[in-house]
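Everything in the sequence shown is counted per the numbering used here, starting at 324 for the first residue and increasing by one.
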Amino acid sequence: MSVLSLRMRKRVTNSLFIGLATFCFLLALVPLAAILYQTIMSGYGALSLDFFTQVTPPIGGAGGGILNAIEGSLVMVAIAALIGTPLGVFTGAYLAEYPGKFAYQVRLLAEVLTGVPSIVTGIVVYVLIVSTQHRFSALSGGIALGFMMIPIVTISTHESLKLVSSSIREGALALGISRAKTTVYVLLSTARSGVITGIALAVARVMGETAPLLFTALGSQFLMTSLNDPAASMTLLIFDFGTSPYENSHVFAWGAALILLVIVLGLNIVVRTASRLKFAATE
Numbered sequence: 324m325s326v327l328s329l330r331m332r333k334r335v336t337n338s339l340f341i342g343l344a345t346f347c348f349l350l351a352l353v354p355l356a357a358i359l360y361q362t363i364m365s366g367y368g369a370l371s372l373d374f375f376t377q378v379t380p381p382i383g384g385a386g387g388g389i390l391n392a393i394e395g396s397l398v399m400v401a402i403a404a405l406i407g408t409p410l411g412v413f414t415g416a417y418l419a420e421y422p423g424k425f426a427y428q429v430r431l432l433a434e435v436l437t438g439v440p441s442i443v444t445g446i447v448v449y450v451l452i453v454s455t456q457h458r459f460s461a462l463s464g465g466i467a468l469g470f471m472m473i474p475i476v477t478i479s480t481h482e483s484l485k486l487v488s489s490s491i492r493e494g495a496l497a498l499g500i501s502r503a504k505t506t507v508y509v510l511l512s513t514a515r516s517g518v519i520t521g522i523a524l525a526v527a528r529v530m531g532e533t534a535p536l537l538f539t540a541l542g543s544q545f546l547m548t549s550l551n552d553p554a555a556s557m558t559l560l561i562f563d564f565g566t567s568p569y570e571n572s573h574v575f576a577w578g579a580a581l582i583l584l585v586i587v588l589g590l591n592i593v594v595r596t597a598s599r600l601k602f603a604a605t606e
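Okay, structure coming up:
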């Protein structure tokens with residue numbers, strides 16, 4: 324086989340693989356585009372000033388909004404982030420900096436927990452907290468979501484720190500910096516883009532959860548006055564109103580789905596942009 328024919332064969336093969344990859348990419352966009360289109364077209368009609376400033380009406384009722392659902396979702400996700408972020412980040416740092424048999428077992432446990440159905444987490448928190456306090460609450464809902472965040476943040480932090488060059492770690496230690504400070508101020512700072520991205524993905528994941536909140540927060544038609552009160556959330560509202568037989572309730576569900584989609588998308592865009600700008604500023 325001549326050199327010319329070999330080059331031609333490589334070009335044809337390369338073009339075929341590029342075409343196949345492009346086709347698969349476009350094919351994967353079809354369901355995503357369909358979901359976005361359907362959510363926007365069905366939810367846009369529900370948006371109004373009252374939709375953002377009033378509490379949820381009874382199922383089938385007219386008027387009202389989703390202010391209490393937005394409040395409950397943001398409060399419970401904030402509680403989850405306060406629990407899951409520090410525990411997940413420092414656990415991931417431990418796995419990366421102190422490898423061994425125990426670290427391997429912890430990593431394996433984290434991987435298993437990421438695959439546990441969210442309803443199981445809700446049942447566990449119900450048994451440990453709700454049944455002992457004899458009340459549903461936003462706090463127990465936030466704790467359930469926080470438990471779900473921990474393994475996700477742990478794995479993403481571990482993988483991000485593994486990508487940091489060993490020369491950076493060795494240089495910091497050679498300067499006399501303690502291992503703990505090296506991990507916190509040098510390695511985590513270097514890997515912050517990946518760590519922040521992992522945290523954002525974990526927040527986006529728990530913000531869309533419904534099952535654990537059925538056993539912990541329960542839902543409410545009113546604004547919260549305390550973290551010990553039952554709390555509404557956008558996912559619970561979507562579940563309750565979307566499965567009702569009333570058409571006006573379906574409009575509410577689509578509107579809440581659109582707002583939830585915008586919040587999650589906006590969160591990911593803001594976090595990724597801020598992370599990249601901060602990383603570029605330090606270069």
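Every residue, glycine too, gets a C-beta built ideally from N, C-alpha and C.
Rounded C-alpha distance that separates residue i from residue j
i	j	result
A461	L498	47 Å
G445	A369	31 Å
L410	L349	38 Å
Y367	A392	18 Å
T566	H573	8 Å
S396	M331	57 Å
I341	K333	12 Å
V378	A554	12 Å
S454	T539	10 Å
L588	E394	18 Å
S328	L339	16 Å
T506	V529	27 Å
A426	S489	19 Å
I491	L418	18 Å
L424	E570	The amino acid at residue 424 is misidentified as Leu; the sequence shows Lys. In a straight line, the C-alpha of K424 is about 56 Å away from that of E570.
D563	W577	12 Å
A580	E493	48 Å
F375	I582	10 Å
I561	G542	11 Å
A495	S512	13 Å
T336	C347	17 Å
A344	L352	13 Å
H457	V585	35 Å
F575	A356	22 Å
M547	L390	11 Å
G383	I358	25 Å
R430	L405	21 Å
T408	G521	10 Å
L432	P568	42 Å
DSSP three-state assignment for residue i, whether helix, strand or coil
i	result
L546	coil
L405	helix
A576	helix
P440	coil
T596	helix
L651	Outside the displayed span of the chain (324 to 606) sits residue 651, for which this structure offers no information.
S501	coil
G368	helix
I475	helix
L486	coil
I341	helix
P381	coil
P568	coil
G631	Residue 631 lies beyond the residue range present for the chain, which begins at 324 and ends at 606; the question has no answer from this structure.
Residue range of the unbroken alpha helix (DSSP H) whose run includes residue i
i	result
D552	Unbroken run through D552: none, as it is neither H nor E.
R458	Element bounds for R458: n/a, residue is neither H nor E.
V428	First, the residue type needs correcting, since residue 428 is Gln and not Val in the sequence shown. Start and end: 424–437.
P535	534–539
S489	489–497
A525	515–530
I452	Unbroken run through I452: none, as it is neither H nor E.
G565	557–565
L372	372–376
Cβ shell of residue i (< 8 Å), same chain only, five flanking positions each side left out
i	result
A523	L590, N591, V594, R595
D373	G386, G387, G388
A514	T480, S483, L484, L486, V487
A401	G465
M399	A461, G464, G465, L468, L536, A540, A554, S556
A527	V587, L590, N591
P440	A534
V509	I491, R492, A495, I500
Residues of its chain near residue i, where Cβ-Cβ distance is below 6 Å and the 5 sequence neighbours each way are ignored
i	result
A604	Confidence is the limiting factor: at A604 the pLDDT is only 45, short of 50, which leaves the residue's position unreliable and the question unanswerable from this model.
G415	T477, T480, H481
A525	M472, I475, V476
A467	T444, G445, V448, P535, T539
V403	Correcting the residue type first, residue 403 is Ala in the shown sequence and not Val. Within the same chain, A403 has close Cβ partners G465, L468, G469, M472, V529.
K504	none
E532	S441
Test: residue i CB closer than 9 Å to a CB of chain B
i	result
A576	Although the question refers to chain B, the structure presented lacks it and comprises just one protein chain.
Close-in-space but distant-in-sequence residues of the same chain around residue i (CB under 7 Å, 5 per side omitted)
i	result
N551	R458, S460, L462
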